[in-house]
Every structure is written in structure tokens, then in C-alpha cells.
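> Chains P and S, in that order, are what the protein sequence lines are. According to UniProt numbering, the first sequence is numbered sequentially starting from 1. According to UniProt numbering, the second sequence is numbered sequentially starting from 1. Glycine is no exception: its CB is placed at the ideal position from the N, C-alpha and C atoms. Quantities reported herein were computed from a predicted structural model and do not represent experimental measurements.
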Amino acid sequence: MSIFAAPLPVLPDVGDLRDRVRALVAATVPGNPAAHRANCWAVADEGFSRAAGAAGLIGMIWPERYGGHARAPLERYVVLEELLAAGAPVAAHWIADRQTGPLLLRHGTEEQKLKLLPAMARGELYACIGMSEPGAGSDLASVRTRAERTKDGWRVNGQKLWTSGAHRAHIMIALVRTDPESTRNAGLSQLLVTMDTPGITVRPVIDLTGAHDFNEVFFDDVLLPHDALIGKEGEGWKQVTAELSLERSGPERYLSSYALFVELMRWAGPEPDAAVAALIGRTAAELWTLRRMSWAVAAKLAGGEDPALEAAMVKDLGNSFEQALPPAVQALAEIDPAGAPELAAVLAQLLMVSPSFSLRGGTREILRGIIARGLGLR
Amino acid sequence: MSDNRDMVVDTAARLFAALGSDYATNIAEVEAAGLTDLLLPADDGGFGGDWGDAAAVLALAGAHAVALPLGEVMLARRLAAAGGLSLNGRLTIAGATQGRLTGDSFTGTLSQVPWGLEADAVLAEADGRLLRLAVADARAARAINPAGEPRDTLVFERAPATSASEAGLFAQGALLRVLQSAGALDAALKLSVDYVNGRQQFGRALAAFQAVQQLLSQFAVEVAAVRAAAAGACEAADAGDAAFEIGAAKLRTNIAIGVGTAAAHQVHGAIGFTQDYSLHPLTRRLWSWRSEFGNDAYWAVRLGHEITAQGADAFWPQVVARTDRLNRRAS
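(1) Could you give the distance in angstroms between the alpha-carbon of P/N319 and the alpha-carbon of P/S132?
(2) Strictly by DSSP, which residues pair up with P/S164?
(3) Just to check my reading of the structure: S/V223 and S/A256 have Cβ atoms closer than 8 Å, yes? What is that Cβ distance to the nearest angstrom?
(4) Out of P/G158, P/A275, P/E233, which one is the CA nearest neighbour of P/T201?
(5) Using a Cβ-Cβ distance under 8 Å, would P/I335 count as near chain S?
(6) One question on the structure: do P/A312 and P/L367 come within less than 8 Å of each other, judged by their Cβ atoms?
(7) Per DSSP, what kind of secondary structure is P/D221 in: helix, strand or coil?
(8) S/R227 versus chain P: which residues are under 7 Å apart at the beta carbon?
(9) For S/H268 and S/D276, what's the separation of their Cα atoms in angstroms?
(10) Does the beta-carbon of P/A119, which I'm using as the reference point, lie nearer than 7 Å to any heavy atom of the ligand NAD?
(11) How big is the Cα-Cα spacing for P/L119 and P/L125?
(12) What residues are listed by DSSP as bridge partners for P/F214?
(13) List the DSSP bridge partners of P/C128.
(14) Under the three-state reduction of DSSP, which class applies to S/S105: helix, strand or coil?
(15) Does any residue of chain P bring its CB to less than 8 Å from the CB of S/H305?
(16) Against S/N197, what residues of chain P qualify as contacts under a CB-to-CB distance less than 8 Å, listed in chain order?
(17) Can you pull out the residues from the region 282-293 of chain S whose beta carbon lies closer than 7 Å to at least one beta carbon of chain P?
(18) In whole angstroms, give me the CA-to-CA distance for P/G339 and P/A38.
(19) Does the distance from the C-beta atom of S/A121 to that of S/A134 stay below 8 Å?
(20) Could you pull the start and end residues of the alpha helix (DSSP H) that P/T289 belongs to?
(21) Against chain P, with Cβ distances strictly below 8 Å, would S/L185 count as a contact?
(22) Give me the chain P residues within the contact set of S/V221, using Cβ-Cβ distance strictly less than 8 Å, ordered along the chain.
(23) By alpha-carbon positions, which one of P/D196, P/G165, P/W295 ends up nearest to P/V205?
(24) Residues of chain P with a CB under 7 Å from the CB of S/F106: which are they?
(25) In this structure, does DSSP put P/E334 in helix, strand or coil?
(26) Does any residue of chain P have a CB that is nearer than 8 Å to the CB of residue 332 of chain S?
(27) So is S/E29 in contact with chain P if we call contact Cβ pairs under 8 Å?
(28) Looking at P/V90 and P/L17, is the spacing between their C-beta atoms short of 8 Å?
(29) Who are the near neighbours of S/E157 in its chain, counting only those whose CB is closer than 6 Å to its CB and skipping five residues on each side?
(30) Identify whether P/E148 lies in helix, strand or coil by the three-state DSSP scheme.
(31) Out of curiosity, what's the CA-to-CA distance linking S/A80 and S/S86?
(32) State the Cα-Cα distance for the pair S/K250 and P/S182, rounded to the nearest angstrom.
(33) If you reduce the DSSP assignment to three classes, tell me which class S/A264 lands in.
(34) Shorter than 8 Å from the beta carbon of residue 332 of chain S to some beta carbon of chain P?
(35) For S/G260 versus S/A188, is the C-beta spacing smaller than 8 Å?
(36) Suppose only complete runs of 4+ residues qualify. What are the alpha helix (DSSP H) ranges in the region 7-66 of chain P, listed by chain order?
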């Protein structure tokens with residue numbers, strides 16, 4: 001395996017792009033508390049998403065005729081890492097920008113692209129991903145939600161679960177079984193679902209912090225047009241797995257806890273004792289390494305490759321890093337909620353939400369299975 | 001990257017695979033092949049390679065568990081040439097220095113000197129200067145690291161020293177260990193993967209057990225992290241300022257050594273614990289190198305203090321500016 005050893009390709013000179021993103025966040029969400037900056041790609045603020053769209057920071061690499069900005073993929077990466085490091089509330093548009101937009105660009109009809117992509121790029125149209133089901137969590141090939149052909153298109157029945165942002169999304173890309181005779185990962189297809197279609201019910205699933213991100217989504221004789229089929233019938237599994245590298249290697253996999261690191265440094269002050277300095281030094285070293293790994297995957301994606309193995313590695317390592325930081329801070333810092341409220345609040349938030357990091361987007365066990373396959377162990 | 005990297009790597013691979021057990025013969029062969037002049041500028045009669053070239057060769061040396069101060073000589077010759085110090089004789093570097101330079105006279109102790117007894121001269125840093133000292137002027141004692149590699153102690157009393165401006169010897173020594181470790185970890189991972197694929201227990205290959213798969217996956221991720229860190233540190237070093245990157249890479253490598261060596265031995269079972277099996281030449285070196293040129297605590301505390309001195313809001317802009325500078329240089 002020579003992966004990750006190669007020098008990074010020459011990247012574009014990003015000019016004032018970083019400054020522009022920082023200025024936008026400072027102006028749009030001033031004084032954003034640390035607990036909201038943590039895990040910020042699960043924090044939705046539609047006002048911020050519209051401001052980001054107006055600033056040209058969504059759909060950056062999409063063609064201009066679809067409302068995009070025709071920028072280089074690595075320029076987009078710069079924008080993403082700056083948004084996350086600043087703790088911007090990007091959840092409303094995150095899925096559309098990262099996954100649904102690129103999927104529609106690849107497989108959508110011209111009409112769908114013209115209708116949906118410009119609104120996504122403006123930060124006004126949001127998407128969710130309907131994959132997991134009550135009987136299919138990590139085992140996605142067990143999907144049972146069914147779509148049958150009708151004269152006018154498709155009839156969908158079933159249920160999705162753990163669907164992040166379904167309550168504010170305008171569209172869903174749903175993984176459904178279109179061949180009733182099929183089993184496992186054959187016979188699955190991706191359908192574009194407009195969320196206000198009759199027969200769809202969205203119910204909140206409140207997480208342990210009291211927040212509403214997850215939903216369950218019920219489909220009860222939901223009728224969709226023929227062109228709801230995205231890509232090819234029966235190729236849903238292949239299409240979904242092709243998206244996974246986009247989903248797993250981005251800067252959100254190591255910057256979700258960045259707000260805690262900042263508040264740790266602030267709490268430490270300029271001359272901390274050796275134990276605190278050591279935690280800061282170690283965190284910095286790990287973060288720097290992860291950033292380079294994530295950049296390397298982004299560069300491969302930009303070059304048209306599908307670095308699925310490397311992406312799994314970035315996510316696994318990023319998750320472990322981000323889950324280790326909150327307990328390490330807790331073990332070291334004596335925290336009086338009244339004394340250092342920002343550190344206490346962000347620590348509490350991350351202690352509670354970080355267990356989800358190695359569950360969402362592929363569990364640690366699934367990822368390590370993928371890596372094991374890459375090593376030739378299975 | 002220099003144009004001749006592939007050629008050098010081929011030469012090194014052939015040479016390392018054929019080395020015997022005699023130190024004097026081995027070091028002479030490596031010198032004759034020009035590998036110790038890899039980092040020496042062409043104007044000084046060297047290969048004119050960059051840190052990327054050194055990375056490729058030292059990773060191979062690490063993977064072959066080469067028992068030679070190859071990186072140390074490479075670095076010593078580059079630093080000596082840059083500082084206008086003599087290149088005559090066989091050079092090495094000191095892992096730690098205690099003492100004072102008074103005028104042209106040094107009194108103090110150099111320790112963790114790789115193959116110090118076999119060297120003619122040693123480079124060390126003291127009082128902001130890079131010193132060149134003759135080993136013949138020292139009271140010298142052999143010491144070895146857990147891998148059996150010489151890490152000698154040299155005691156000088158009012159010994160004559162030539163000197164030049166300090167040039168970051170310790171940090172670059174750390175980079176050598178990162179690059180060797182990258183190769184040794186990679187080799188230990190390969191050995192582990194091959195072993196679990198071949199070894200049958202309970203009626204199936206060890207590789208078929210999920211617990212084994214998960215452990216080796218974790219190991220592979222650590223190896224990937226070291227590779228990325230090594231490449232990042234080399235790019236920064238070639239750009240001229242790697243003050244942060246080398247420390248971060250050495251610390252990240254030290255951490256990976258802990259995870260990787262434990263996993264390698266665990267999946268090998270008892271055979272990996274034997275003298276005859278080829279795992280310990282790798283893992284004993286990795287355990288040794290983790291301590292050398294800055295252990296975990298050294299780099300973690302040093303980086304931590306450098307970071308907190310700048311303030312909480314400075315870290316992100318500075319860390320991204322350090323890679324953006326490489327792009328601007330390249331474009």
C-alpha cells in the first residue's frame with residue numbers, strides 16, 4: 001500500500017477565499033457559542049445557508065448553468081474546512097452540497113438539474129438521504145421499502161429511520177427495493193422523493209441531548225413520476241457505494257470537535273502545565289495528520305478516482321480522534337460550569353454527541369471491515 | 001522530487017536485501033553506492049537529493065531493519081557541508097548534548113551517539129552552534145538501544161571544536177526516525193497480514209476472525225497516518241521551515257508505534273516472540289526509535305507550549321497557512 005505516501009498535487013492558490021469564508025461566518029453568526037460550533041454540520045440555520053449560497057459557497061464545483069460556480073474541487077475543500085473550523089451552522093444545506101447535488105449532476109435528468117440545483121446552490125433547497133430502516137441500520141442491503149412500477153411511475157410503501165434533517169428537507173434520495181424478487185444488494189434503486197408528496201409522514205426521533213436531527217419517515221402509497229428514478233433501475237447499491245467516498249473523507253470527519261480544541265486552548269492560557277500542554281500538542285499533531293490524509297483523499301476525488309479504502313481510513317481515524325478528545329479534556333480539566341462556561345458547555349455537548357460519530361456514515365466495525373478487505377484479509 | 005529517485009531506490013533495495021552481518025563491510029558498501037551522500041548538494045559532490053528522496057531510501061532501510069547509521073551520516077554530511085565544516089572521515093550525530101562551547105573548546109557529554117565508536121567525528125548542537133568534534137578526543141563508551149544499535153556516550157574535556165550556526169540537527173534527527181519508522185511499520189504490517197492469511201487455527205485462517213481483521217485494520221490506519229505525516233514533514237522540510245511539521249510527525253509516529261507493534265505481536269502469537277522470526281528486528285527498532293530525538297512527552301509538551309503561546313484563535317489560521325505556503329511556492 002503506497003497510499004498516503006505520495007506528495008500532494010499542486011493545489012490552486014486560494015487567494016482570499018479563506019478570509020471571505022471567515023468574514024461571512026463572523027458577520028452572519030457573530031458570537032456563536034462553542035456548544036453550537038461543535039459538530040456544526042448537524043446544526044441547521046437556514047439563514048446562514050442562504051447567506052452561504054449568496055456568497056457562492058454552495059455548489060461551488062457545479063456548472064454555472066445549474067447555478068454552480070465552476071470552481072476547482074480543492075477550492076471547495078478550502079471552503080468546507082474553513083466553515084467547519086469556524087463552527088458555522090451548515091447542516092441545512094450540507095447534504096445537498098456534498099451528496100445530493102453531485103448525485104443529480106451525475107444521474108439526474110436535465111429537467112431535474114435545472115429545477116433543483118440552482119435552488120440548492122442558493123442555500124434554499126435542502127435534501128436528506130433515506131437509507132436506514134428499522135430492520136436495516138448498518139446492514140443496508142436489508143432495505144425493505146418497496147417501489148412498484150405503475151402506469152404513471154412508482155408507488156412507494158415502507159419506512160425509513162434515522163433520517164437526518166428529513167423535517168426540513170425538500171427532497172429525499174431514497175434507497176428502495178424496486179425488484180420484489182430480489183434479495184440483499186441486488187434489485188435496489190435510488191428514487192428522488194419530493195417531501196411534500198401525499199402519503200409521506202415525518203416523525204421526529206429526539207436524540208439523547210433533546211435535539212431533533214433524526215426522523216422516521218413513513219411512505220404510504222406514495223406516488224412518484226417515472227423520472228423519480230435516479231440513475232439505473234437495480235443499480236442503487238452501486239450508486240450508493242460510489243457516494244461513500246464523498247461522504248467519509250471530508251473535513252467534517254476530523255473537525256466536528258474543533259470547537260472543543262479551541263476552548264481547551266483558551267482555557268489553558270499561554271503557559272499551561274505540562275499535562276495540558278501535552279494534550280494540546282498531541283491533539284494538534286493528530287489533527288494536522290488527519291487534515292493531510294483528508295486532503296489526499298480530496299485530491300484523488302478531484303482527479304476522478306474513487307479512493308474508497310483511503311476514505312474509510314480517514315473516517316475511522318477521524319472518528320477515533322474526535323471521540324478521544326472529550327474524555328481526555330474531561331480527565332484533565334477541572335471544570336466549574338460557572339467558571340469556564342464555554343469549555344464546560346462544549347465539553348458536555350461533545351461527551352453526549354460524540355458516540356454518534358462512529359455510528360453515522362458507516363460504523364467503526366463496518367469501516368474496519370472495508371479496510372480489512374483492502375488489506376486482503378477477507 | 002529529484003529525477004533520479006527511482007534509480008536510487010532500486011540501488012538501495014538491492015543493496016539492503018544483500019547486506020550481511022559485518023558492520024564495516026556494510027557501511028563501506030552503502031558509502032560506495034553513494035547513499036550516504038544522498039542529501040549532500042551536487043556542488044559538494046553529493047547526489048543533491050531532497051527529503052522526499054531521503055524518505056524513500058530510509059523507509060526501505062527501516063523495512064529491511066538495516067543496522068547502519070545511514071540517515072545519521074546522510075544528515076551529518078549535509079549539515080557539515082552547509083556549515084562549511086570538514087566532510088573528512090566518517091561522521092555521525094549526537095542524539096543528546098550536555099555541555100558548553102567556550103571559544104573553540106567544548107567540555108561536555110554527547111550521548112545517544114549512533115555508532116559513535118565507529119565514527120571519526122560527531123556533530124552536535126550546543127550554545128546555538130553546530131559543533132564538529134573528533135571522536136578521538138573523547139572518552140568513549142559503548143551503549144546500545146533495545147534493538148542492539150550502538151548509542152554511544154562521548155565525554156569531552158576542553159576538546160577542540162569547529163563550529164557553524166545552529167541548523168536544527170535535533171529536529172532533523174527526529175525526521176530521520178519518522179522516515180525509518182514509516183518503513184518498519186509498513187514491513188511489520190505486511191508481515192502480520194501474510195502471517196494471519198497463512199496461519200490456520202480452529203479450522204480456518206486467522207485472517208477470517210473479525211477480531212483479527214479489526215486489529216489489523218487499526219494497525220493499517222496507523223501506518224497510513226505515519227505515511228501521511230512523514231510526507232507532510234518532508235514537504236515542509238524541503239520548503240525550508242518544518243518547525244511544526246517535524247514535531248507533529250514525530251509525535252504522531254511515536255503514537256503509531258505503540259499501536260502498531262502491539263498489534264503485530266498480538267496477531268503473531270508466540271512465534272513473533274522468538275529470536276529466529278523476523279518481527280523483532282522491526283519492533284525492537286520501533287520501540288527504540290520512539291524514544292530517540294524526542295519521545296511523546298517531549299514533542300507533545302513542546303508543541304503544546306508553542307501553540308498556546310500564540311493564543312487559541314491563532315492555531316487554525318497558522319496551520320492552514322503553513323500548507324498554503326507550499327502551494328504558493330509550487331505554483
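Let me spell this out:
(1) Put simply, the backbone Cα of P/N319 is about 20 Å away from that of P/S132.
(2) BP columns for P/S164 are empty, so no partner.
(3) That belief holds up - the Cβ atoms of S/V223 and S/A256 are roughly 7 Å apart, short of 8 Å.
(4) P/G158
(5) no
(6) yes
(7) Correct three-state label for P/D221: strand.
(8) F4, A5
(9) 13 Å
(10) The ligand NAD is not among the ligands present in this structure, which contains no ligands whatsoever.
(11) Sequence check: residue 119 of chain P is Ala here, not Leu. Answer to the nearest angstrom: the Cα atoms are 5 Å apart.
(12) P/F214 is bridged by DSSP to P/V205.
(13) P/M172
(14) strand
(15) yes
(16) G376, L377
(17) none
(18) Spanning the alpha carbons of P/G339 and P/A38 requires a straight line of approximately 20 Å.
(19) Closer than 8 Å, so yes.
(20) In the DSSP assignment, P/T289 falls within the unbroken alpha helix (DSSP H) covering 274-302.
(21) no
(22) Those within 8 Å of S/V221 in chain P are M313, D316, L317, I371.
(23) P/G165
(24) Correct list: empty, because the minimum Cβ distance to chain P is about 30 Å.
(25) coil
(26) With chain S running from 1 to 331 in the structure shown, residue 332 of chain S is simply not present.
(27) no
(28) no
(29) T107
(30) strand
(31) Spanning the two alpha carbons is a distance of roughly 6 Å.
(32) 52 Å
(33) helix
(34) Because chain S is modelled from 1 through 331, residue 332 of chain S falls outside the range shown and cannot be assessed.
(35) yes
(36) You should have 17-28, 34-37, 46-54.
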